Amino acid sequence: MTRLLPALAGVSGLLAVAVAAVGAHVAAGEAERRMLESVASLAGWHAPALLALGLWADRNRAMGYAGLLLAAGLALFCGAVLYRALAGVSLGPVAPVGGTTMMLGWVALGLAALRR
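Note that UniProt numbering numbers the sequence shown so that position 27 is 27, with each residue one more than the last.
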C-alpha cells in the first residue's frame with residue numbers, strides 16, 4: 001500500500017493537469033467545461049492527500065485504508081463526470097457513489113488520525 005498510494009497520487013496529479021488542458025482547449029460548451037474543471041480540481045486536491053497517506057500508511061494502516069477509499073471514490077466520481085462531459089452519457093449513480101466513497105475516505109482519515 002505504501003507504494004500504491006504515491007503512485008495513485010502521481011496518476012491523480014497527471015489527471016488534474018490533463019483534464020484542465022482538455023477543459024481549456026477541447027470542451028464543447030460551458031457545461032462540459034465546468035464539469036472538467038470540477039474533475040481537475042478534485043484530482044489536483046486529492047493528489048497530495050494520497051501522497052501523504054501513502055507515506056503514513058507504514059505507521060498507521062488505517063491511513064492506508066483511508067487513502068484507498070479516497071482513490072476509489074476519486075476514480076468513480078471523476079470517471080463518471082469525465083464520461084458525461086466527453087461522451088454526453090450519464091453513468092447513473094456512479095458519480096454519487098464515488099462522491100460518497102470520497103467522503104467516507106475523509107472520515108476514515110479523521111478517525112485514523114485519532115487512533116493510537
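Beta carbons: idealized from backbone N, C-alpha and C, even for Gly. Computed from a predicted model, the values in this text were never measured in an experiment.
Over what stretch of residues does the alpha helix (DSSP H) that includes residue i continue unbroken?
i	result
Val95	It is worth fixing the name first, because residue 95 is Ala in this sequence and not Val. Its alpha helix (DSSP H) spans residues 94-114.
Leu91	Looking at the DSSP string, Leu91 is not in any alpha helix (DSSP H), and its letter there is neither H nor E.
residue 156	Given a span of 1 to 116 for the chain in the structure shown, any question on residue 156 remains unanswerable.
Would you mind working out which of the options sits nearest residue i, comparing C-alpha positions?
i	options	result
Gly110	Ala85, Leu91, Leu69, Arg84	Leu69
Ala71	Leu114, Ala28, Thr101	Thr101
Leu55	Ala108, Leu86, Leu4	Leu4
Measure the alpha-carbon distance for residue i versus residue j and round it to whole angstroms.
i	j	result
Ala75	Ala57	20 Å
Ala108	Gly73	13 Å
Ala18	Ala47	14 Å
Arg61	Arg84	35 Å
Val89	Met35	13 Å
Ala27	Val39	13 Å
Leu82	Ala113	32 Å
Trp106	Leu15	20 Å
Ala20	Arg59	34 Å
In this structure, does DSSP put residue i in helix, strand or coil?
i	result
Val26	coil
Arg34	helix
Ala57	coil
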